[in-house]
Amino acid sequence: MISERLLAEPLFRCSLAKLREDGCVQLCADVLHFAMIIGLWWEEAGGEYIRTRSARYPGASDIEPAWTLEAAADPYRITRDPDPKSHWGDIRVIGYSSAAGFVITVIIDHVDHSGVNAWKTSGADLRAYRAALGGEDDAS
């Protein structure tokens, strides 16, 4: 079950509330279970960083930390451990978030499993995800 310490985390409560607000009660339980297994979490500054991507990258999508938990729990996710593009050995997870409505790439610190970065997936990662689904194009 979910630890009291985890439930007390402000970002966790916010993510949980967001998932419930979106009507994802069962999904919420699945996401929380997965998040506990891998330990994906976001520091407040990291959460704010991905929420404000569009301020730094015109045309980019802002990402809610709760969406990254959902993407990481996607049963069709692609996990690259280590991420071949990382100089630090971080983990890359590519998965679909129904709350966001698109595929998200999440970079996770390999040591403490904190979120490092996240963005709307495109290019080769999106093609790899679609190929893993058998070429389905509905998870864009």
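Counting along the sequence shown from 1, when you hit position 107 you're at 107 in the working numbering, and nothing is skipped either side. Ideal Cβ placement from N, Cα and C applies to all residues, glycine included.
Kindly list the residues whose CB is nearer than 8 Å to the CB of residue i, restricted to its own chain and excluding five residues on each side of it in sequence; keep chain order.
| i | result |
| --- | --- |
| residue 111 | none |
| residue 62 | 50, 51, 52, 53 and 54 |
| residue 132 | 76 and 78 |
Would DSSP call residue i helix, strand or coil?
| i | result |
| --- | --- |
| residue 41 | strand |
Taking 8 Å as the cut-off, decide whether the C-beta atoms of residue i and residue j are in contact.
| i | j | result |
| --- | --- | --- |
| residue 104 | residue 83 | no |
| residue 118 | residue 79 | no |
| residue 95 | residue 81 | no |
| residue 40 | residue 60 | no |
| residue 70 | residue 114 | no |
Excluding sequence positions up to five away, which residues of its chain have a Cβ less than 7 Å from the Cβ of residue i?
| i | result |
| --- | --- |
| residue 109 | 90 and 116 |
For residue i, which option in the options has the closest C-alpha, if you only look at C-alpha atoms?
| i | options | result |
| --- | --- | --- |
| residue 153 | 70, 42, 131 and 120 | Beyond the ends of the chain as shown, which are 1 and 140, falls residue 153; an answer cannot be given. |
| residue 128 | 92, 99, 86 and 100 | 92 |
| residue 134 | 43, 101, 44 and 76 | 76 |
Is residue i near the ligand HEM - that is, is its Cβ less than 7 Å away from at least one heavy atom of it?
| i | result |
| --- | --- |
| residue 69 | By its list of ligands, the structure shown contains no ligand whatsoever, and the ligand HEM lies outside what it can speak to. |
Checklist entry - What are the uninterrupted segments assigned as beta strand (DSSP E) that are 3 or more residues long and contained completely in the stretch 45–131, given in chain order? => result 78–80, 91–97, 102–108 and 115–120
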